[in-house]
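S.K.: After the structure tokens below, expect a handful of questions from me.
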């Protein structure tokens, strides 16, 4: 007798182990249903099943009952034996507070206080199931799909019509959180803590030594003021000093590499050559970078000494990661400020290229006259610093001062006075402006770094979340603070680089289980 019970328990463990490996609850019922049909034909022969290929309603009902019995036997074996013997449960039992009882099919059900309620028997006395069971988790996942990916409250209400699952809310929340389809439409992208400011923005130096570049437009530009004049598209190139937020604006006739290099040459002739130039991954910028590289290569091949000089005096070009506009927040803000003035002045008018260039220069003067810090209301305080102080020694829109007698000592003394004035601007900039940049206004929390092997959804603003592709992280690129904000992904047979703000990391269980499809 003891050997038969041990053999029965061993068989039940084998069946349970096989069932918990099945990925969906309907498949579990199908497996049990066909097993029950086979047992009815060749062993039990006391249960009448049909001879059709597909499972009948009675067979599915038998499979559900057998599945719940198997789960309860595994998790509540001791309680089941006590209930069969009609003995009270011990107080340490998980089911003690539920006052369980056995129905006519030997399933453990909740007694509760709704015995006299005019509701179905399954609602008055739901089946008790453990929330930690893998098969119960498959049951909840199937009901989540049956409720059309509804929320936690809807799923709990639906389950309570037939089941009392221990730790139900925690289980249901985990299933909803792991659902890949729900994750797509929640689309909460990653965001690492705001990085420390780069050295380029904190070191006193000549204006436009480190520069950011962006384009605005297009704008309709007629070739003349005549009626029905032929029009073309014009653009605005905006260059921003990363240290003092000074702005230089150039009108550009088109988006070709030649037009961009011409605009950059005009900028460099008036503001000086940049040490580093940052821009996005626009095709015109990429073309310009390759053009400069080709020029240096040819110069080195034919005139090695000239190439060395060009390399020492040239500009290092750097591109921000693709689709990462917040990497270029400084010059994106300058574009926004330019459009603010441009739209209010132009309205519905159409400007020629000369008028566009003139207005761009005036807007440049306005932007370079903005205070870098909050102006003081006290009359005894100095005027607020502006980018114009680092370009012209005074605010760009300020009236010219009355000429004073030239200082004795010639040009050398004048140069020393200019140096003292420049140093005073830098001293004020360190005291008044730098401290305003210390506080983080957003992206405050540290987040876990991405790792190689993480599966992510790649957000695309131009398509539905249901069509967002999946990607696999193949490499991570951490900053100087050790935080990962850029990763390399593999999609199909191609690789690309993306900022984590465009990625949705798929949720994983503590045991590493993949999300629910």
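Residue numbers (the UniProt record's numbering): 1 to 517.
From the three backbone atoms N, C-alpha and C, an ideal C-beta is built for every residue, glycine too.
Are the segment 194 to 211 and the segment 163 to 183 touching by the rule of at least three beta carbon pairs closer than 8 Å?
M.R.: no
S.K.: According to the Cβ coordinates, are residue 71 and residue 29 closer than 9 Å?
M.R.: no
S.K.: Can you tell me whether residue 119 is buried or exposed, with buried defined as 16 or more other CB within 10 angstroms of its CB?
M.R.: exposed
S.K.: Looking at C-alpha atoms only, which residue of 96, 183, 316 and 391 is the closest neighbour of residue 275?
M.R.: 316
S.K.: Taking 8 Å as the cut-off, does the segment 347 to 362 touch the segment 255 to 263 (at least 3 CB pairs, one atom from each stretch)?
M.R.: no
S.K.: Could you say which of 499, 33, 82 and 69 lies nearest to residue 58 if we only look at CA atoms?
M.R.: 33
S.K.: Can residue 507 and residue 183 be called in contact, C-beta distance under 9 Å?
M.R.: Judged by their CB atoms, residue 507 and residue 183 are nearer to each other than the 9 Å cut-off.
S.K.: Can you find the residues in the same chain that come closer than 6 Å, C-beta to C-beta, to residue 478, ignoring five residues on each side of it along the sequence?
M.R.: 484
S.K.: May I have the straight-line CA-CA distance separating residue 217 from residue 255, to the nearest angstrom?
M.R.: 10 Å
S.K.: Relative to the C-alpha of residue 152, which residue among 133, 165 and 177 is closest?
M.R.: 177
S.K.: Identify whether residue 223 lies in helix, strand or coil by the three-state DSSP scheme.
M.R.: coil
S.K.: DSSP puts residue 234 in a beta bridge; with which residues?
M.R.: 219
S.K.: Between the segment 225 to 238 and the segment 352 to 363, can you find at least three pairs of beta-carbon atoms closer than 8 Å?
M.R.: As far as the Cβ criterion goes, the segment 352 to 363 touches the segment 225 to 238, which means the pair count is three or higher.
S.K.: Could you please give the first and the last residue of the uninterrupted beta strand (DSSP E) stretch that includes residue 167?
M.R.: Judged by DSSP secondary structure, residue 167 falls outside any beta strand (DSSP E); it is assigned neither H nor E.
S.K.: Looking at residue 353: is its Cβ nearer than 9 Å to the Cβ of residue 234?
M.R.: For residue 353 and residue 234, yes; Cβs fall inside 9 Å.
S.K.: If you count every other CB in all the chains shown that lies within 10 Å of the CB of residue 123, and 16 or more means buried, which is it?
M.R.: exposed
S.K.: Along the alpha helix (DSSP H) that carries residue 96, what are the first and last residues, could you check?
M.R.: That residue, residue 96, is in no alpha helix (DSSP H); it is neither H nor E in DSSP.
S.K.: Closest to residue 556 by CA distance: which of 337, 344, 355 and 277 is it?
M.R.: Outside the displayed span of the chain (1 to 517) sits residue 556, for which this structure offers no information.
S.K.: Smallest Cα separation from residue 459: which of 195, 186 and 54?
M.R.: 186
S.K.: Using only the alpha-carbon positions, how far apart do residue 17 and residue 25 sit?
M.R.: Their backbone Cα atoms lie some 14 Å apart in a straight line.
S.K.: Residue 433 and residue 450 look like a contact to me (Cβ under 8 Å); what is the Cβ gap, rounded to whole Å?
M.R.: Not confirmed; about 34 Å, so no contact.
S.K.: Between residue 162 and the rest of its own chain, which residues show a CB-CB distance below 7 Å, the 5 nearest in sequence each way excluded?
M.R.: Taken in chain order, the residues that qualify are 122, 126 and 127.
S.K.: Rounding to the nearest angstrom, what Cα-Cα distance links residue 446 and residue 197 in this structure?
M.R.: 16 Å
S.K.: For a test of the three-state rule: what should DSSP assign to residue 208, helix, strand or coil?
M.R.: coil
S.K.: Is the distance from the Cβ of residue 201 to the Cβ of residue 437 below 9 Å?
M.R.: yes
S.K.: In this structure, how does DSSP classify residue 373 when only helix, strand and coil are distinguished?
M.R.: coil
S.K.: Count the other CB atoms, across all protein chains shown, that sit within 10 Å of the CB of residue 249; report buried if there are 16 or more and exposed otherwise.
M.R.: The residue in question, residue 249, is buried, as its Cβ has 16 or more Cβ neighbours within 10 Å.
S.K.: So residue 387 and residue 232 are in contact, right, with Cβ under 8 Å, and what is the actual spacing, rounded?
M.R.: With a Cβ gap of about 32 Å, residue 387 and residue 232 do not count as contacting.
S.K.: Considering only residues of the segment 99 to 187, which uninterrupted alpha helix (DSSP H) runs meet the minimum length of 4 residues and lie entirely inside it, listed in chain order?
M.R.: 121 to 124, 134 to 146, 152 to 159, 168 to 178 and 180 to 186
S.K.: Can you give the Cα-Cα distance for residue 500 and residue 190, rounded to whole angstroms?
M.R.: Cα to Cα, residue 500 sits roughly 6 Å from residue 190.
S.K.: Please classify residue 493 as buried or exposed, where buried requires at least 16 neighbouring CB atoms within 10 angstroms.
M.R.: exposed
S.K.: Looking at C-alpha atoms only, which residue of 244, 214 and 215 is the closest neighbour of residue 199?
M.R.: 244
S.K.: By Cβ distance below 6 Å, which residues in the same chain neighbour residue 142 in space, the five residues on each side in sequence not counted?
M.R.: 25
S.K.: Can you round the beta-carbon distance between residue 211 and residue 155 to whole angstroms, since I take them to be within the 8 Å contact cut?
M.R.: In this structure, residue 211 and residue 155 do not form a Cβ contact; the two beta carbons are roughly 54 Å apart against a cut-off of 8 Å.
S.K.: Look at the alpha carbon of residue 91 and the alpha carbon of residue 165, and state the distance between them as a whole number of angstroms.
M.R.: 19 Å
S.K.: What residue range does the beta strand (DSSP E) around residue 251 cover?
M.R.: According to the DSSP assignment, residue 251 belongs to the beta strand (DSSP E) that extends over 247 to 252.
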